[in-house]
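Protein chains in written order, with the working numbering: chain F, 49 to 396; chain C, 124 to 706; chain A, 258 to 516. Built from N, CA and C at the ideal position, the CB exists for glycine as well. Single-structure report; data block below.
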Amino acid sequence: MSNDRPSSDLTVPAATGAVSARGDVPERFENPGLPPHQPRRADSEPAADKRAERQVVALFGVSILGTIGVIVTYFVYPHDPSIESMRTANMLLGIGLFLGMFGIGAAAVHWAKTLMSDHEQAEARHPQRSDAEVRAGALQALSDGAQDSGIGRRGLLKGAVVSAVALAPLSIAVPLIGQLGGDWDVSKFRHTMWRSGTRLARDPSGTPIRAADVTIGSVYHVIPEDLRESDHWIEEKAKAIVLLVRLDPQDLVESDERRDWSHEGIVAYSKVCTHVGCPVALYEQQTHHLLCPCHQSTFDMADGAKVVFGPASRALPQLPITVDDAGYLVAQSDFHEPVGPSYWERLK
Amino acid sequence: MSTAQRAAGGTADYLDQRTGVGLAVKSFARKIFPDHWSFMLGEIALYSFVVLIISGVFLTMFFVPSMGLITYQGAPASMNGLEMSEAFASTLHLSFDVTGGLLMRQIHHWAALVFMAAIVTHMMRVFFTGAFRKPRELNWVVGFVLMILGLAAGFTGYSLPDDVLSGNGLRITDGVVRAIPVLGSYMSFMIFGGEFPGEHIIPRLFTLHILVIPALILALVGLHLFMVVLHKHTHFPGPGRTEHNVVGFPLFPVYVAKAGGFFFIVFGVLALMGGTLSINPVWNYGPYDPSPVTAGAQPDWYMLFLEGALRLMPGAGMEPVIAGYTLSLNVIIPAMIIPGILFTALALYPFIEAFATGDKREHHLLDRPRNVPTRTAVGVAILTAFFVLILAGSNDIIATHFALSLNDISRFLRVMIFVAPILAFWITKRICLGLQRKDRELVLHGHETGRIVRFSHGEYIEVHKPLDEYERWLRVQHVPQRPLELLPAEDERGVRRKGYRRDAVRARVSRFFFEDRVEPVTPMELAAAHSHGDHDAIGSTTEGHQTPEISSGPERQVGQQVAEPAGGASGSRPGRSADAQDH
Amino acid sequence: MKAIAARRNHRFAPVVLLALALLVTGGLYAAFAPSASSAQTPSASDVEIGSRLFQANCATCHGPDAAGRAEAPSLIGVGAASVDFQVATGRMPMQMNSPQAPAKPPQFDDEQVRQLAAYVASLAPGPAIPTAEQVDPELGDAANGMVLFRTNCAMCHGAAGKGGALTEGKYAPTLEGVEPRHIYEAMTTGPQSMPVFNDANLNPEEKRDIIAFLAEQERGAAGGAELGSIGPVAEGLWAWVVGIGLLIACAVWIGAKSS
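As C-alpha cells, then:
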C-alpha cells in the first residue's frame with residue numbers, strides 16, 4: 049500500500065474543462081501528488097532505532113513505577129484526615145496515577161512515531177449515495193413490503209396503528225408527570241410563616257432580637273423564631289428569610305402607607321431576590337445599598353428597597369414589624385405580596 | 124509456531140466461526156486515518172468521558188443521594204457536628220475518609236470541565252474548517268446534541284453534593300423556570316416535587332446524572348463515531364490529498380498506538396490536575412441552607428454564559444403585567460431567548476450555509492479558515508458573543524482582580540454584547556482576506572531571500588525564491604465559492620417565475636457569504652508574473668504587480684444561476700471573474 | 258574572608274545570601290516586635306501624645322474636636338478598636354477621600370497607634386481593643402464559626418474569606434493573613450461599607466469562633482493548590498489553560514512527524 053509517488057487515484061480531475069487563452073497553460077494548477085517521503089533517523093541508523101526502543105521501554109517502566117507508587121501509598125501512607133496530610137496523600141496518589149497512565153500513553157505514542165512505518169498511505173473514498181441499482185432495489189423492497197401489509201389500502205387500520213402507538217406511552221407519562229409535582233398547590237408561593245406576633249430571630253440560632261440590640265449600621269439575618277417547629281422548615285426558610293437593618297431615621301424614605309411598618313428606623317425586607325430568588329445579602333452600611341451576589345441587582349434599603357441597578361425589576365417585599373411588650377421585634381403580619389421571583393399568576 | 128501464536132490463532136478461529144468477525148477485521152484493521160493534531164480534539168472529549176465514567180463509578184459506590192438530614196461527625200474540623208443532608212455528608216466522607224476518594228472527586232470534576240472545553244474546541248475545529256458540509260451535516264447535529272447533553276450532565280452533577288453554591292444555582296434555576304409564561308409555577312413544582320428545595324431534587328438529579336444522561340451520551344457517541352467511520356475522516360488540503368482519497372496512516376498499528384496512547388495521556392493529565400489542583404471544595408461552602416450565599420456565586424464555566432446573560436439584562440420596566448398576568452422579560456430574554464437564538468444558529472449553521480452555496484457535492488477536503496472569510500467571521504462573531512456573556516458572568520471576579528467597578532463592567536458589556544460580535548466579524552473577515560492576499564503574493568513572487576542584487580544598469584532588486592510545487596499547491600488548491608446569481612423575476616415570455624422570492628432571499632444570503640473574496644492564483648497569472656520584465660528567472664517584482672482585488676458589484680459576478688443550483692454545482696464552472704487585475 | 262570572596266560567584270551564593278538575609282530579618286523582628294502583653298493600659302501621657310498626633314494628622318478631615326466634617330465621620334464614641342483597626346492596617350490616614358479605604362503599610366508605629374487610640378477612647382466610651390484571649394483561634398470552635406461566617410460574612414468576603422466585589426468599585430477585602438485582632442475589631446466597629454456586628458448580634462465567643470474558622474482556612478485546601486479559592490471562574494480558567502492547553506500540546510506532539 050505504501051507509496052512515495054501519487055497513485056492513479058490521487059490526481060485531480062481538471063477543475064474545469066475550459067482552456068485558457070494561452071492554450072497550453074491550464075486553467076488551474078494540478079495537484080502535484082504526495083511529496084517524497086523523508087526518512088527518519090531511526091529508519092536509517094540502527095543506533096537511533098535501538099535508542100528509540102530503549103526510550104519506549106523506559107516510558108513503560110515509568111508507568112509501572114507510578115502504579116507501584118499508588119499501591120504503596122495506599123497501603124503505607126497513614127490515614128489522617130487533617131488538611132495537610134490529605135493534601136500530601138492526594139498529591140502522592142495523583143502523581144502516581146499520572147505517571148502510571150501518562151507513561152503508557154507516552155510510550156505508545158513514541159513507539160508509533162519512531163518505530164512504526166511513517167509512509168503515508170492513501171485510500172480511495174466512495175460517494176455516500178448508494179448507486180442507482182441499489183436504490184431501485186431498496187425502493188422495490190419497501191413498496192413490496194407496503195404492498196404485502198396492505199397499509200395503503202386499509203385507511204382505518206393505518207389510523208388505528210398510529211393512534212394506539214401514539215397513546216400507549218401515556219399510560220406511563222400521565223401517572224409519572226401527574227405525581228412529579230407533589231400536591232401541585234402553587235398557591236404556597238403566596239404565603240410565608242410570618243404571622244402577627246411572630247418574633248424575629250437570628251439566623252441560624254433562632255434567638256429573638258431586641259429592638260435595642262439593633263444599632264445603627266448593623267445588619268441581622270433573620271428567620272421566624274418558630275421556624276424549626278414547621279414540618280417543612282427548609283421550604284419555609286427559603287421563603288421567610290429576612291434582612292433587618294437600622295438606619296438613621298433622617299435617611300429613611302417611607303411612603304405614607306408603610307410609615308408604621310418600621311420601628312425607630314429599623315426596617316425588615318425579604319432576603320429573597322425578586323429577580324430569580326438568590327438570597328440578597330451584601331449590605332453596604334454607608335450607601336444603604338443591598339447587592340445580590342448572583343446577578344448584582346442592587347436595592348436601596350433606605351428607599352423602600354427599590355431597585356437601583358441590575359436585572360431585578362421589583363422592590364424587595366417589606367415585612368411590617370413592631371415591638372412586643374418584652375422589647376423584642378415581632379412581625380405585624382405576613383408579607384403583603386408574594387416573596388421571591390415573579391411568576392405568571394403572581395398578581396392573580 | 125509458539126504457544127502464544129497457537130492460542131491467538133485458536134481464539135481467532137473460534138470467534139470467526141461464530142461471528143464471521145474476519146470480514147470486519149480485514150476491512151477495518153488497515154483503514155486509513157489522516158494525521159493532524161486538531162483531529163484529536165474530539166478524542167480529548169471522548170477520553171475525558173471515559174475518565175468521567177471510571178471515576179464516576181468509583182464515586183457512586185460511596186455517595187448517598189439523599190436529602191435526609193443528619194448530624195455529621197468527622198473531618199474537616201469546620202464541618203464537625205453540623206446538621207447536613209446525607210448527600211453532603213457522604214461527599215465529605217468519600218473525600219476525607221475514603222483513601223483516593225478526594226482524588227477521584229477532583230479527577231471527576233476536572234474531567235467534566237475538560238470534557239466540555241474539549242467539546243467546544245472540537246466544535247470550533249469542525250466549524251472553522253467546514254467539516255460539517257455534506258455528507259456530514261447530520262453528524263454535526265449529533266455532535267450539537269452531545270454538547271447539550273454534556274451541559275445537562277455537568278449541571279446535574281454539579282448540584283449533587285447539595286452545597287450552598289450549587290444550591291443557589293438550583294434556586295436560580297427555579298427562578299428561571301417560574302418565569303416561563305402560564306406553566307412556570309407548575310414546572311417548578313414538577314422539578315422539585317413541590318416547593319423549592321423540597322427533598323426530591325437530589326435523588327432525581329442523581330438518576331438523571333448517572334443513568335439517563337450518560338446512557339444518551341453513550342448512544343450518541345456510538346452514532347457519532349459510526350458516522351465518522353462511514354464517512355471516513357476529512358483531511359486538510361495538501362499535495363496528494365483530494366476529494367476522492369484519504370491520506371494518512373493505518374488504524375492498526377499506528378492509530379491503535381497513537382489514539383490508544385492518547386487515552387492514557389488524557390487520563391494522566393486529568394490525574395495530575397486532580398492530584399495537585401483543588402476543585403470545588405464543597406466544605407468551604409457548607410451544606411445547603413436557603414439563607415447563606417457567597418461572593419463569587421457562579422456556575423461552572425460552561426454555564427457562565429447563562430449567568431452572564433442574566434447579569435447583563437437591565438431589569439427596569441422589564442416585567443409588564445398583561446391582563447393581570449406577569450411576564451418576566453428580564454428573565455425570559457436572557458435565559459431563554461438569547462441562548463435560544465445563539466444555539467439555534469449554531470445547530471442549523473450547516474443548513475444555512477448549504478442554502479447560500481447551493482452546493483450539493485460531497486466535501487472531504489477541509490477548508491483553510493482564511494479561504495472562507497465570511498464563515499470564519501460568523502464563527503468568531505458567535506464565539507465573541509459567548510465570550511462577552513462569559514465575561515459578564517465573571518464580572519465580580521474581574522472587578523476585584525482588575526480594580527474595576529462591577530457596575531461599569533456591566534454597563535460596558537451591555538453595549539459590547541451588540542458591538543463586539545459585529546466588530547469581531549468585520550476584523551476577522553479583513554484578516555482572512557489579508558491572509559489570502561498574502562498567499563497570492565507568496566505564490567506569485569516567492570519567498571524573500573534577503574539577497575539584494577544590483578544590475579549593470581544600476582537597478583537594485585531583492586532575489587525571491589519561487590515556491591516549490593508542494594508549497595504552492597496548498598495556496599492555490601481551493602475553489603472559491605462565488606455568489607449565486609439571480610435570474611430575472613420574469614421568464615422570457617414575461618410570466619412571473621415561480622419561486623422567485625425564495626431565490627431572491629437565497630441570492631442575498633449568498634452575496635453576504637461570497638461577495639467579498641480573493642481568488643487563488645492561476646497558472647496563467649503566475650506565468651504572467653514571471654514574464655514581466657527581463658529578469659523572470661529570479662522572479663523580479665519591480666513592476667507589473669498583480670494585486671488581487673476584492674470583487675464587488677454585480678458586474679463581476681459570474682457564478683452559478685440560482686435557478687439551477689443542483690445541476691451547475693457538480694459540473695464545470697463558468698469562466699473566471701476578473702478578480703485579479705493588473706494595474 | 259578570602260574563601261568566601263572566592264565563592265561569591267558560586268551558583269548557590271544568592272540562595273545562601275537570601276537565607277542569611279531572612280534569618281537576620283526574622284531574628285530582628287522576633288527581638289523587637291511588640292508582644293501582646295506589652296500593650297498596657299493607657300496613661301494620661303498617652304492621651305496627651307495621642308491628642309497631639311491627632312491634631313497633626315487627623316484633624317484636617319475629622320475636625321479638631323474629632324466631631325467629624327462633611328467628608329469624614331465623627332470619631333466620638335467609635336472607641337479604641339476602631340482606631341486600632343483603621344490606623345494599624347494603614348487604612349487611615351486615607352490617601353484620598355473615597356468610600357473604600359484600602360489597607361496599606363501603616364504610617365504610625367504600634368506605640369503611636371496606641372496613643373491615638375487612647376486619645377479617641379478618652380472622648381467617649383466605645384468598643385475596646387480585644388484581649389489576646391478574645392481573639393485566640395485555638396480557643397474558638399471552627400464549626401460554629403463556619404455556620405456564622407457563611408450567614409453573616411461569606412456573601413461579601415467569599416466562602417473562604419478571599420474577598421469579593423461590592424457596588425461601584427468598592428470591594429470586601431481578603432481576610433487571608435489579616436491579624437485576628439483586626440478581624441475582631443472590624444466586626445465590632447463596621448469600618449467603611451461593612452455593617453456593624455455588635456455583641457448582641459455576634460457575641461465575643463461567636464466572634465472568636467469566626468476567627469477560628471478563618472485560621473482553619475489559612476491551612477489551605479485539602480485537594481492541592483487553592484487557585485485563589487474564588488470558585489468556579491478560576492477553576493474554569495485552569496481547565497482551559499492547563500487542561501486543554503496541556504492536552505493540545507500533547508496532541509501536537511502526537512501529530513508531528515518524528516525527526
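| field | DSSP state of residue 331 of chain F mapped onto helix, strand, coil | value | Within the first sequence, the letter at position 283 stands for residue 331 of chain F. Note: residue 331 of chain F maps to strand in three-state DSSP.
| task | Go through the stretch 304-371 of chain C residue by residue and report every complete run of the alpha helix (DSSP H) that reaches 4 residues or more, in order. | result | 307-315, 324-330, 336-354
| On the three-state DSSP scale, how would you describe residue 670 of chain C? | The sequence position of residue 670 of chain C within the second sequence is 547, counting from 1. No answer about residue 670 of chain C holds up, because its pLDDT of 39 lies below 50 and its placement is not dependable.
| request: Name the two residues that bound the continuous beta strand (DSSP E) containing residue 172 of chain F. | output: Taking the first residue of the first sequence as 1, we reach residue 172 of chain F at position 124. First-last of the beta strand (DSSP E) with residue 172 of chain F: 169-172.
| field | Neighbour flag for residue 384 of chain F against chain A, beta carbons, 8 Å | value | In the first sequence, counting from the first residue as 1, residue 384 of chain F sits at position 336. False, the Cβ-Cβ gap to chain A never drops below 8 Å.
| Closer than 8 Å to chain A by CB, residue 237 of chain C | Counting from 1 along the second sequence, the entry for residue 237 of chain C is found at position 114. Yes, residue 237 of chain C counts as interfacial toward chain A.
| request: Can you check the stretch 166-238 of chain C for any alpha helix (DSSP H) of at least 4 residues that lies completely inside it and give the ranges in chain order? | output: 209-219
| Since residue 526 of chain C and residue 636 of chain C are thought to touch, with beta carbons under 8 Å apart, how far apart are those beta carbons, to the nearest angstrom? | As a first step, residue 526 of chain C must be located in the second sequence, where it is residue number 403. As a first step, residue 636 of chain C must be located in the second sequence, where it is residue number 513. At roughly 43 Å, the Cβ-Cβ gap does not stay under 8 Å, so residue 526 of chain C and residue 636 of chain C are not in contact.
| message | Whether or not the stretch 462-480 of chain C and the stretch 334-350 of chain C are in contact is what I'm after, with contact meaning three or more pairs of Cβ atoms, one per stretch, closer than 8 Å; do they touch? | response | no
| task | Identify whether residue 445 of chain C lies in helix, strand or coil by the three-state DSSP scheme. | result | Against the second sequence, residue 445 of chain C aligns to sequence position 322. Strand, per DSSP.
| Helix, strand or coil for residue 354 of chain F per DSSP? | In the first sequence, residue 354 of chain F corresponds to position 306, counting from 1. Looking at residue 354 of chain F - three-state DSSP - the assignment turns out to be strand.
| query | Closer than 7 Å: is that where the CB of residue 211 of chain C sits relative to any heavy atom of the ligand SAM? | reply | As for the ligand SAM, it is missing from this structure, which has no ligand bound.
| residue 536 of chain C and residue 515 of chain C closer than 8 Å at C-beta | In the second sequence, counting from the first residue as 1, residue 536 of chain C sits at position 413. In the second sequence, counting from the first residue as 1, residue 515 of chain C sits at position 392. Yes, they are a contact pair.
| task | Kindly indicate the opening and closing residues of the beta strand (DSSP E) around residue 576 of chain C. | result | Here residue 576 of chain C is taken as the residue at index 453 of the second sequence, counted from 1. Here the beta strand (DSSP E) through residue 576 of chain C covers 570-577.
| Can you find a C-beta in chain A that's less than 8 Å from the C-beta of residue 378 of chain F? | In the first sequence, counting from the first residue as 1, residue 378 of chain F sits at position 330. With 8 Å as the cut-off, residue 378 of chain F does not count as an interface residue toward chain A.
| query | In the structure shown, what three-state DSSP assignment does residue 660 of chain C receive? | reply | For this step, residue 660 of chain C is matched to residue 537 along the second sequence. For residue 660 of chain C, the predicted model reports a pLDDT of 42, less than 50, meaning its position is unreliable and no value from the coordinates is stated.
| said: Whole angstroms are fine: how far does the CA of residue 157 of chain C sit from the CA of residue 623 of chain C? | reply: Along the second sequence, one-based indexing puts residue 623 of chain C at 500. Along the second sequence, one-based indexing puts residue 157 of chain C at 34. When rounded, the distance between both Cα atoms is 43 Å.
| Using a C-beta cutoff of 8 Å, does residue 395 of chain A count as contacting chain C? | Working through the third sequence from its first residue, we reach residue 395 of chain A at position 138. Chain C contact via Cβ: absent.
| request: Could you name each continuous beta strand (DSSP E) segment of 3 residues or more that falls completely within the stretch 423-469 of chain A, going from the start of the chain to the end? | output: none
| said: Assuming contact is defined by CB atoms lying nearer than 8 Å, are residue 238 of chain C and residue 292 of chain C in contact in what I supplied? | reply: Within the second sequence, numbered from 1, the residue matching residue 238 of chain C stands at position 115. Within the second sequence, numbered from 1, the residue matching residue 292 of chain C stands at position 169. Cβ atoms of residue 238 of chain C and residue 292 of chain C: not closer than 8 Å.
| task | Under 7 Å between beta-carbons, which chain C residues line up against residue 251 of chain F? List them in chain order, please. | result | Within the first sequence, residue 251 of chain F is the residue found at index 203, counting from 1. Near residue 251 of chain F (Cβ distances below 7 Å), the residues of chain C are 414.
| said: Within a Cβ cutoff of 8 Å, which residues of the same chain sit near residue 375 of chain F, ignoring the five residues on either side of it in sequence? | reply: For the purposes of this step, residue 375 of chain F is identified with residue 327 of the first sequence, where counting begins at 1. These residues qualify, in order along the chain: 258, 259, 260.
| Spatial distance of residue 397 of chain F from residue 387 of chain F (CA atoms) | For residue 397 of chain F there is no data in the structure shown, the boundaries of chain F being 49 and 396.
| field | Burial state of residue 309 of chain F (16 or more Cβ within 10 Å) | value | As a position in the first sequence, residue 309 of chain F is number 261, starting the count at 1. Classification of residue 309 of chain F: buried, given that the 10 Å Cβ count is 16 or more.
| Going by DSSP, which residues form a beta bridge with residue 376 of chain F? | Position 328 of the first sequence, counting from 1, holds the residue named residue 376 of chain F. Paired residue(s): F:258.
| query | Taking three-plus beta-carbon pairs below 8 Å as touching, is the stretch 383-397 of chain A in contact with the stretch 326-340 of chain A? | reply | yes
| message | Is residue 357 of chain F close to chain A? Criterion is C-beta to C-beta, closer than 8 Å. | response | Taking the first sequence and counting its residues from 1, the one referred to as residue 357 of chain F is at position 309. For residue 357 of chain F, the answer is yes, since a Cβ of chain A falls inside 8 Å of its Cβ.
| field | residue 363 of chain A: first and last residue of the uninterrupted beta strand (DSSP E) it sits in | value | One-based indexing of the third sequence puts residue 363 of chain A at position 106. Careful: residue 363 of chain A lies outside any beta strand (DSSP E) and carries neither H nor E.
| field | Cβ-based contacts, 7 Å cut-off: residues of the stretch 331-364 of chain A near chain F | value | 356
| request: Check whether the stretch 435-452 of chain A touches the stretch 326-338 of chain F, taking contact to mean three or more Cβ pairs, one atom from each stretch, closer than 8 Å. | output: yes
| query | Looking at the C-beta of residue 486 of chain A, does it have a partner C-beta in chain F at a distance below 8 Å? | reply | Within the third sequence, the letter at position 229 stands for residue 486 of chain A. For residue 486 of chain A, the answer is no, since every Cβ of chain F falls outside 8 Å of its Cβ.
| task | Would you tell me roughly how many angstroms separate the C-alpha atoms of residue 405 of chain C and residue 483 of chain A, rounded to the nearest one? | result | As a first step, residue 405 of chain C is located in the second sequence; it is residue number 282 there, counting from the start. As a first step, residue 483 of chain A is located in the third sequence; it is residue number 226 there, counting from the start. Near 13 Å, if we compare the C-alpha coordinates of residue 483 of chain A and residue 405 of chain C.
| query | When we look at the beta-carbon of residue 407 of chain A and count the other beta-carbons within 10 Å, is it buried (16 or more) or exposed? | reply | Numbered from 1 along the third sequence, position 150 holds the residue referred to as residue 407 of chain A. That one is buried.
| said: For residue 712 of chain C, would you say it is in contact with chain F, using Cβ-to-Cβ distances shorter than 8 Å as the test? | reply: Not covered by the structure: residue 712 of chain C. The range shown for chain C is 124 to 706.
| Cβ of residue 423 of chain C within 8 Å of any chain A Cβ | Counted from its first residue, the second sequence places residue 423 of chain C at position 300. Taking Cβ atoms only, chain A reaches closer than 8 Å to residue 423 of chain C, which makes this a yes.
| message | Pop quiz: residue 155 of chain F and residue 104 of chain F are said to be a contact at Cβ under 8 Å. What is the actual Cβ separation, rounded to whole angstroms? | response | Here residue 155 of chain F corresponds to residue number 107 of the first sequence, with the count starting at 1. Here residue 104 of chain F corresponds to residue number 56 of the first sequence, with the count starting at 1. Indeed they touch by this definition, with Cβ atoms about 5 Å apart.
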